[in-house]
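Peer 1: The following block contains the structure, expressed as structure tokens.
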Amino acid sequence: MIAELIEAVAKILFIFGVNMGFFAPILGWVERKQSAVMQDRVGANRADILGFTLIGLLHPLTDTIKILTKEDFIPAGANKLFHTLAPFISLTPALITFAVIPFGGQYEIFGHRINLVIADLDVGILFIFAFASLATYGTVLAGWSSNNNWSFLGGLRAAAQMLSYEVAMGLSIIGIIMVYGSLRLTEIGAMQENFLRWGIFLQPVGFILFLTCAIAENKRVPFDIPEAETEIVAGYFTEYSSMKFIMFWMAEFLEVVTISGIVTTLFLGAWHLPFVSSEKLLSLFGFAGPNLSIVLLMLTNIVTFFAKIIFMIWLQMTIRWTLPRFRYDQIMKLGWKILLPISLINIFITGLVVLLK
Amino acid sequence: MNYELNYTIGSIPLDKLKPKKVRKNIELTLWERLYIPEIIRGMYITTRHFTINMIGFVFPPKGKKRKIFTVYYPEEKLTIPIAYRGRPVLVQREDGKEKCVACGLCERICPALAISIVGGERHRGNDMERYPVAYTLDMSRCVYCGLCEEVCPHEAIVMSDEYIGLAEYDRKNMIYPKEKLLVPVARLKDRIEYVRKIYGKNNYQIPSTNNQIITKSQ
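One line per chain: the protein sequences are B and X, in this order. Count the first sequence with my numbering and you get residues 133 to 489, in order. Count the second sequence with my numbering and you get residues 615 to 832, in order.
Okay, here's the thing in structure tokens:
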């Protein structure tokens with residue numbers, strides 16, 4: 133009982149620490165530095181401690197100090213309760229959805245069974261979708277409660293865009309559920325041990341559809357119409373300052389990580405290395421004894437999983453700094469007239485193939 | 615004395631500067647309307663830049679051959695061209711005195727009213743010469759137009775190449791007295807040569823070393 137409690141707390145602390153302590157600040161740096169490198173610039177490199185700049189890695193630290201010392205401002209006429217609540221509603225789903233994403237398989241070490249997922253729900257994907265939809269409320273509330281025209285427009289756009297893409301996103305994932313026959317993410321991950329059974333090979337269309345819809349859900353370029361800074365200042369978070377402002381940013385970055393996690397679990401073979409099965413790895417680690425070899429296998433799987441996540445983050449950042457922003461009507465047209473029919477056709481063809489097999 | 619303006623832009627020949635063929639039809643082809651190939655093409659370009667620059671960051675090429683041309687300002691500085699107009703300075707003769715004769719032309723022409731001169735006379739050997747008792751330049755008003763340099767008949771005020779450290783927290787510090795403006799003539803040789811070249815008119819004669827008034831009639 134105590135061992136299980138320790139295991140659960142350790143897993144929660146690990147995921148929370150990796151997300152809030154590593155990914156959230158590092159992604160701010162990555163976004164600046166990667167865009168700079170892609171555009172032949174240098175990027176942020178001035179913050180230093182005793183002359184060591186560490187290629188700009190100290191900028192997240194200085195940003196945090198700056199943000200924490202700023203005035204927390206609530207505009208006159210704003211709805212104080214919802215204005216304060218909105219960033220929390222945005223940030224919490226981004227953190228919670230990672231609870232059902234497995235970052236490793238199931239292992240038996242010293243007679244104790246370890247399942248490397250915080251909550252092994254049998255409706256894992258539904259849980260993710262339920263909480264991802266809650267993030268919409270944060271955005272819409274922020275836009276509405278700020279008592280500002282730009283924020284209001286941003287909130288309206290966010291409501292329309294996120295609700296439309298929710299449909300296509302939900303339908304794009306049905307194919308993968310039909311192929312693997314399960315909603316439990318640990319099972320879907322375990323079924324992808326064979327390289328040729330990875331989701332991206334079984335459902336290539338579903339992969340593209342899901343990635344597109346997920347980026348649109350996350351309101352990032354090229355779908356950043358709710359915060360389009362060239363049109364409506366900063367959109368739904370125009371009136372936010374200090375820590376609340378950075379909470380929206382953190383929510384956005386953590387959603388990037390979460391999307392990478394979901395894509396890795398569903399399409400990129402979860403924690404499995406390509407071409408190398410777990411038995412092969414175990415025999416490779418055989419020199420360390422029966423228990424330690426499993427520990428080594430577990431560490432390899434975790435590293436593989438996070439390497440895939442980092443690759444997906446890199447891909448999303450590249451997309452973000454390559455494509456220009458869509459117009460509002462183009463976003464709606466893409467969502468309803470193109471992505472939705474394609475995902476329906478994808479479901480139909482997948483169903484036929486599954487039935488005839 | 616003849617100074618010819620060079621109209622070519624950099625070292626690029628003019629025929630190379632012509633724009634490439636412009637596609638007039640704005641209708642997208644089917645291949646472009648599929649959008650995904652175009653996304654991949656765009657991402658190929660950005661990823662190519664990313665990879666080349668990352669290699670450049672990890673193994674920086676020697677010399678100035680790098681792809682990123684950003685100047686790391688306080689550590690690196692550009693070599694500024696001779697035509698650059700930095701802060702105006704007074705030319706100091708070899709004997710340590712100022713070359714200025716306090717004629718007041720620069721004070722008169724200054725569009726920002728930044729210069730104020732108090733003239734005086736002093737002995738130089740057996741002759742008398744005029745000199746500025748006080749020469750004050752208000753750097754908070756100076757617009758770096760270079761008219762004082764152009765109008766000066768004695769090459770006594772020129773625009774230097776200094777542009778660093780001119781900002782101050784107090785306006786009082788921006789009023790430069792004569793002592794702060796004097797710069798030895800040896801350091802300004804190139805600029806004086808350049809000034810002669812660009813403002814050299816047919817009736818203009820190079821002033822002699824001693825400060826006698828130059829007349830056209832000879």
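Don't be surprised by glycine CBs; every beta carbon is placed ideally from N, CA and C.
1) Can you tell me whether DSSP reads Phe154(B) as helix, strand or coil?
2) Report the residues of the segment 185-203 of chain B with a CB closer than 7 Å to any CB of chain X, ordered along the chain.
3) If distances are taken between C-alpha atoms only, which option among Val797(X), Ile789(X), Val772(X), Ala781(X) comes closest to Arg699(X)?
4) Could you spell out where the beta strand (DSSP E) holding Tyr749(X) opens and where it closes?
5) Counting Cβ pairs, one atom from each stretch, are 3 or more of them under 8 Å apart for the segment 345-364 of chain B and the segment 293-306 of chain B?
6) For Thr750(X), which residues in chain B fall below 9 Å Cβ to Cβ?
7) Exposed or buried, Lys469(B), counting other C-beta atoms within 10 Å across all chains shown (16 or more means buried)?
8) Can you name the residues that DSSP bridges to Arg738(X)?
9) Of all the options Arg701(X), Glu690(X), Tyr658(X), which has the alpha carbon lying nearest to the alpha carbon of Glu776(X)?
10) Would you mind listing the alpha helix (DSSP H) stretches within the segment 274-345 of chain B that are 4+ residues and don't spill past its ends, in chain order?
11) Could you tell me whether the Cβ of Ala742(X) comes closer than 9 Å to any Cβ of chain B?
12) Taking 9 Å as the CB-CB limit, is Met170(B) close to chain X?
13) Which residue wins for smallest C-alpha separation from Phe443(B), given the options Ala292(B), Phe284(B), Asp254(B), Val162(B)?
14) Could you give the DSSP three-state label for Gln238(B): helix, strand or coil?
15) Check this for me: beta carbons of Asn478(B) and Gln335(B), under 9 Å apart or not?
16) Which residues bound the alpha helix (DSSP H) around Arg647(X)?
17) Considering only DSSP beta bridges, list what Pro798(X) is partnered with.
18) Excluding the 5 residues preceding and the 5 following Pro321(B) in the sequence, name in chain order all residues of the same chain whose CB lies nearer than 6 Å to its CB.
19) At the level of alpha carbons, what is the spacing between Leu476(B) and Lys198(B)?
20) Three or more beta-carbon pairs under 8 Å between the segment 183-197 of chain B and the segment 164-172 of chain B, yes or no?
21) Just confirm the distance between the C-beta atoms of Trp381(B) and Met170(B), as a whole number of angstroms; I'd bet it's less than 8 Å.
22) Do you know how far the Cα of Leu751(X) is from the Cα of Glu732(X)?
23) Quick one: does Gly656(X) have its CB under 9 Å from some CB of chain B?
24) Excluding the 5 residues flanking Val311(B) on each side, which residues of the same chain have their C-beta closer than 6 Å to its C-beta?
25) Per the contact definition of three or more C-beta pairs closer than 8 Å, is the segment 260-269 of chain B in contact with the segment 415-435 of chain B?
26) Going by beta carbon distance, what residues of the same chain come within less than 8 Å of Thr370(B), once the five residues before and after it are set aside?
27) Can at least three beta-carbon pairs, one atom from the segment 207-221 of chain B and one from the segment 701-716 of chain X, be found at a separation below 8 Å?
28) Can you give, in chain order, each stretch of the alpha helix (DSSP H) that sits fully within the segment 153-188 of chain B and has at least 4 residues?
29) Buried or exposed, going by whether 16 or more other CB atoms sit within 10 Å of the CB of Asn326(B)?
30) May I have the straight-line CA-CA distance separating Gln832(X) from Cys766(X), to the nearest angstrom?
31) Do the CB positions of Gly734(X) and Val747(X) come within less than 9 Å of each other?
32) May I ask which residues mark the beginning and end of the beta strand (DSSP E) holding Asn211(B)?
33) Does the beta carbon of His663(X) sit closer than 9 Å to a beta carbon anywhere in chain B?
34) Can you find the residues in the same chain that come closer than 7 Å, C-beta to C-beta, to Thr390(B), ignoring five residues on each side of it along the sequence?
35) Does Pro788(X) come within less than 9 Å of chain B when only Cβ atoms are used?
36) Give a yes or no on whether 9 Å exceeds the smallest Cβ distance from Phe673(X) to chain B.
Peer 2: On the basis of the supplied data:
1) helix
2) none
3) Val772(X)
4) Element bounds for Tyr749(X): 741-752.
5) yes
6) Within 9 Å Cβ-Cβ: nothing; Thr750(X) doesn't reach chain B, min ~37 Å.
7) exposed
8) Asp741(X)
9) Arg701(X)
10) Counting whole runs of 4 or more residues, the segment 274-345 of chain B contains the alpha helix (DSSP H) stretches 281-312, 317-322, 331-334.
11) Correcting the residue type first, residue 742(X) is Met in the shown sequence and not Ala. Output row for Met742(X): interface = no.
12) yes
13) When each option's Cα is compared against that of Phe443(B), the closest is Val162(B).
14) Of the three classes helix, strand and coil, the one that applies to Gln238(B) here is strand, per DSSP.
15) In contact: Asn478(B) and Gln335(B) (Cβ atoms closer than 9 Å).
16) 644-647
17) Gln706(X)
18) Inspection of the sequence shows that residue 321(B) is occupied by Gly rather than by Pro. Closer than 6 Å at the Cβ level, and outside the excluded window around Gly321(B), lie Pro234, Thr397, Ala402.
19) One C-alpha to the other measures close to 48 Å.
20) yes
21) Not confirmed; about 20 Å, so no contact.
22) The sequence given here has Val at residue 732(X), not Glu. Taking the straight line joining both Cα atoms gives about 12 Å.
23) Closer than 9 Å: yes.
24) Short of 6 Å from the beta carbon of Val311(B), and not among the five residues preceding or following it, lie these beta carbons of its own chain, in chain order: Leu334.
25) Touching, no.
26) Ser278, Asn280, Trp282, Ser283, Gly286, Ile364
27) no
28) 156-170
29) exposed
30) Unreliable placement is indicated for Gln832(X), whose pLDDT of 40 sits below 50; the coordinate value is still reported in the next sentence. Taking the straight line from one Cα to the other gives about 21 Å.
31) Cβ atoms of Gly734(X) and Val747(X): closer than 9 Å.
32) Premise fails: Asn211(B) is in no beta strand (DSSP E) and is neither H nor E.
33) Cβ-Cβ to chain B under 9 Å: yes for His663(X).
34) Ala226, Thr229, Phe230.
35) The residue asked about is misnamed: residue 788(X) is Met in this sequence, not Pro. It does not: the Cβ of Met788(X) has no partner Cβ on chain B nearer than 9 Å.
36) no
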